[in-house]
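Shown next, in structure tokens, is the structure this report addresses.
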């Protein structure tokens, strides 16, 4: 881990709300000490858990629009379709519920 980005829980909730509005899904975060996943509760009555990689890709693309951090922008580069599709293997997203923050490291 060389870089760390702290995201307030409210800001991350706003991101998930924006994702839901743009995609017609009902995502929410499910987290454990090792990782965070997005879960979609709007899949025809079925609960669909996104894998960690897909969850991270969705969040990174929304973060890119609101984060003004040179290290972030230089690491998570968008492709020709204006989408972040590759990220370092060391990238991790944690939720610290006691501090009400998300911690993105890479």
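In the numbering used here, the protein residues as written are 3 to 108. Glycine included, C-beta positions come from ideal geometry on N, C-alpha and C.
A residue is called buried when at least 16 other Cβ atoms come within 10 angstroms of its Cβ; residue 38 meets this threshold and is buried.
Close CB contacts of residue 103 within its chain, under the 7 Å cut and outside five residues either way in sequence, are with 8, 9, 10, 11 (chain order). Taking residue 33 as the centre and dropping the five residues before and after it, the same chain places the C-beta of 97 closer than 6 Å to its C-beta, in chain order.
The DSSP-derived three-state label of residue 20 is helix. With respect to the 8 Å criterion, residue 62 and residue 78 are classified as neighbours on the basis of their beta carbons.
In the three-state scheme derived from DSSP, where H, G and I count as helix and E and B as strand, residue 42 is classed as strand. For residue 57 and residue 18, the gap between their C-alpha atoms comes out near 11 Å. Burial check for residue 86: the Cβ neighbour count within 10 Å reaches 16 or more, so the residue is buried. With a threshold of 16 other beta carbon atoms within 10 Å, residue 60 meets it and is buried. Taking the Cβ atoms as the reference, residue 21 lies roughly 6 Å from residue 64, within the contact range of under 8 Å.
The Cβ-Cβ distance between residue 28 and residue 16 does not fall below 8 Å.
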